[in-house]
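Visitor: The structure under discussion is supplied below as structure tokens; questions concerning it will follow.
Protein chains: 2
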Amino acid sequence: MKREKGLLIVLSGPSGVGKGTVCGALRKHDTHIKYSVSATTRKPREGEAEGVNYFFKSHEEFQRMIRENELLEYAQYVDNFYGTPRNYVEEMIASGRDVILEIEVQGALQVKETFPEGVFIFLMPPSLKELRSRIEGRGTETKDLIDNRMTVARDEIDLMDKYDYVVENDEVEAAVERIKSIVTAENCKKERLIHLYKELVEE
Amino acid sequence: MKREKGLLIVLSGPSGVGKGTVCGALRKHDTHIKYSVSATTRKPREGEAEGVNYFFKSHEEFQRMIRENELLEYAQYVDNFYGTPRNYVEEMIASGRDVILEIEVQGALQVKETFPEGVFIFLMPPSLKELRSRIEGRGTETKDLIDNRMTVARDEIDLMDKYDYVVENDEVEAAVERIKSIVTAENCKKERLIHLYKELVEE
Numbered sequence: 066m067k068r069e070k071g072l073l074i075v076l077s078g079p080s081g082v083g084k085g086t087v088c089g090a091l092r093k094h095d096t097h098i099k100y101s102v103s104a105t106t107r108k109p110r111e112g113e114a115e116g117v118n119y120f121f122k123s124h125e126e127f128q129r130m131i132r133e134n135e136l137l138e139y140a141q142y143v144d145n146f147y148g149t150p151r152n153y154v155e156e157m158i159a160s161g162r163d164v165i166l167e168i169e170v171q172g173a174l175q176v177k178e179t180f181p182e183g184v185f186i187f188l189m190p191p192s193l194k195e196l197r198s199r200i201e202g203r204g205t206e207t208k209d210l211i212d213n214r215m216t217v218a219r220d221e222i223d224l225m226d227k228y229d230y231v232v233e234n235d236e237v238e239a240a241v242e243r244i245k246s247i248v249t250a251e252n253c254k255k256e257r258l259i260h261l262y263k264e265l266v267e268e
Numbered sequence: 066m067k068r069e070k071g072l073l074i075v076l077s078g079p080s081g082v083g084k085g086t087v088c089g090a091l092r093k094h095d096t097h098i099k100y101s102v103s104a105t106t107r108k109p110r111e112g113e114a115e116g117v118n119y120f121f122k123s124h125e126e127f128q129r130m131i132r133e134n135e136l137l138e139y140a141q142y143v144d145n146f147y148g149t150p151r152n153y154v155e156e157m158i159a160s161g162r163d164v165i166l167e168i169e170v171q172g173a174l175q176v177k178e179t180f181p182e183g184v185f186i187f188l189m190p191p192s193l194k195e196l197r198s199r200i201e202g203r204g205t206e207t208k209d210l211i212d213n214r215m216t217v218a219r220d221e222i223d224l225m226d227k228y229d230y231v232v233e234n235d236e237v238e239a240a241v242e243r244i245k246s247i248v249t250a251e252n253c254k255k256e257r258l259i260h261l262y263k264e265l266v267e268e
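Sequence order for the protein chains is A and B. Whatever position you read off the first sequence (first residue = 1), add 65 for our numbering. Whatever position you read off the second sequence (first residue = 1), add 65 for our numbering.
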């Protein structure tokens, strides 16, 4: 297949749905997809490497990146900032590579404002009951916190309308296959190809 | 994944591109896709069975089907008529099955008028040179006829804009995988799913 620019694929969905697990499983498949690396102000943990897990930044550097519009999206959690550097994504896409971002729902909507041509995938739990049991399964949170997260999840599911695709995470490998299919199909979209194929006829 | 209605998938493209070969290869894969059977006025050839290869109709029956709007599209070749019965397609879709039609470009555009929500895939040769050599390879046509078919093919490629996807038939199994991916991705489209998933939240 002919191709010109790459795709920006944004994988998002409510907290607890399994975005990280699905993205991790996708990386084990032989695809040509590139994975965006986030910038953060938090300190590296043992085993984390610069440019692999994160780009580690000081608070001053991160604030400068925000001011100079070097981030596609960012958010603050507790005392630290997390964001997606614009540079890497734009370079990959320009060189014809597809890039995937795995981010929270609010961040995905920020990306959509600057990159409306991105492919926005909403990862969905099979049911809210299942989502609750996944969050409970982590065993790190009180009942009140879990109730609160379920309220947030409902609000996030209400934002599904802003996305292009819904992928159910009923089973990790099934979700991975759906995402791979979406990437293949998007690369076959007429809008992305028509001028390349019209050239064939004009030769 | 949840689903409600099935998809109508229309596979088309210039004569000689390999629609029949690709569709035949797709049938050997384990998909849930159903294949539409055409109606025709031509006489059955040896080994052809009613309802498998074609629905065989008299000229009178075929004319009645046209009058009563029982065909999604039809065309005349030499002395015979060929068409796609509407019934089968509508029943399958209503029962949640995906149906594929493999038809000529003009027929596909007729289907689009009644079924704009269908998924229209344009099968494209890697180059016009390659298309010419595939037509020549059949060894059944004179140079004038081949030149004429190439002119028709160029006109048909000009109609690519009416389609949703372009699939290059560079290699049959690669084209089949792309078509399967398109079907999977279309079944994940937000528009088709949002009301089913919104119900989860309202439970």
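Ideal Cβ placement from N, Cα and C applies to all residues, glycine included. Here the structure is a predicted model, which is why all the values come from computation and not from measurement.
Step through the CB atoms of chain A and report whether any lies within less than 8 Å of the CB of D136 of chain B.
Guide: Position check: residue 136 of chain B holds Leu in this sequence, whereas Asp was assumed. By this cut-off, L136 of chain B is not an interface position.
Visitor: Measuring CB atoms only, is the segment 153-172 of chain B touching the segment 194-214 of chain B, in the sense that at least three cross pairs come out at less than 8 Å?
Guide: Not touching, per the Cβ criterion.
Visitor: As an exercise, report each continuous alpha helix (DSSP H) stretch of at least 4 residues that is fully enclosed by the segment 79-160 of chain A, in chain order.
Guide: Segments of the alpha helix (DSSP H) lying fully in the segment 79-160 of chain A: 84-92, 124-132, 151-159.
Visitor: Would you list the residues sitting across from S246 of chain B in a DSSP beta bridge?
Guide: Beta-bridge pairing links S246 of chain B to no other residue.
Visitor: Given a cut-off of 8 Å, decide if L258 of chain B and V170 of chain A are closer than it, judged by their beta-carbon atoms.
Guide: No, these two residues do not count as a Cβ contact at 8 Å.
Visitor: Cα-Cα, which of B:M215, B:A239, B:T179, B:N252 is closest to I244 of chain A?
Guide: Nearest option by C-alpha distance: B:N252.
Visitor: Rounded to whole angstroms, what is the Cα-Cα separation between R284 of chain B and L261 of chain A?
Guide: As shown, chain B starts at 66 and ends at 268. That puts residue 284 of chain B outside it, with no answer to give.
Visitor: On the DSSP bridge assignment, give the partners of Y230 of chain A in chain order.
Guide: In DSSP, Y230 of chain A forms a bridge with A:I186, B:K254.
Visitor: Report yes if the C-beta distance between R162 of chain A and G83 of chain A is below 8 Å; otherwise report no.
Guide: No, the pair does not count as a contact, with Cβ atoms beyond the cut-off.
Visitor: Pull the bridge partners of L166 of chain A from the DSSP assignment, please.
Guide: Answer is A:V75, bridged to L166 of chain A.
Visitor: Since E233 of chain A meets chain B, which of its residues come closer than 8 Å, beta carbon to beta carbon?
Guide: Within 8 Å Cβ-Cβ: M66, K67.
Visitor: Would you say P79 of chain B and E195 of chain B are within 8 Å of each other, going by their C-beta atoms?
Guide: Their beta carbons are not under 8 Å apart, which means P79 of chain B does not touch E195 of chain B by this criterion.
Visitor: By the criterion of Cβ-Cβ separation under 8 Å, what are the contact partners of A250 of chain B in chain A?
Guide: The answer, in chain order, is Y230, R243, S246, I247, T249, A250, E251.
Visitor: What residues in the segment 192-226 of chain B have a beta carbon less than 8 Å from any beta carbon of chain A?
Guide: So the list reads S192, L193, R219, I222, D223, M225, D226, given in the order they occur along the chain.
Visitor: Is the beta carbon of V237 of chain B less than 8 Å from the beta carbon of T86 of chain B?
Guide: In contact: V237 of chain B and T86 of chain B (Cβ atoms closer than 8 Å).
Visitor: Does the Cβ of T105 of chain B have 16 or more other Cβ atoms within 10 Å, making it buried, or fewer, making it exposed?
Guide: Buried, by the Cβ-count rule.
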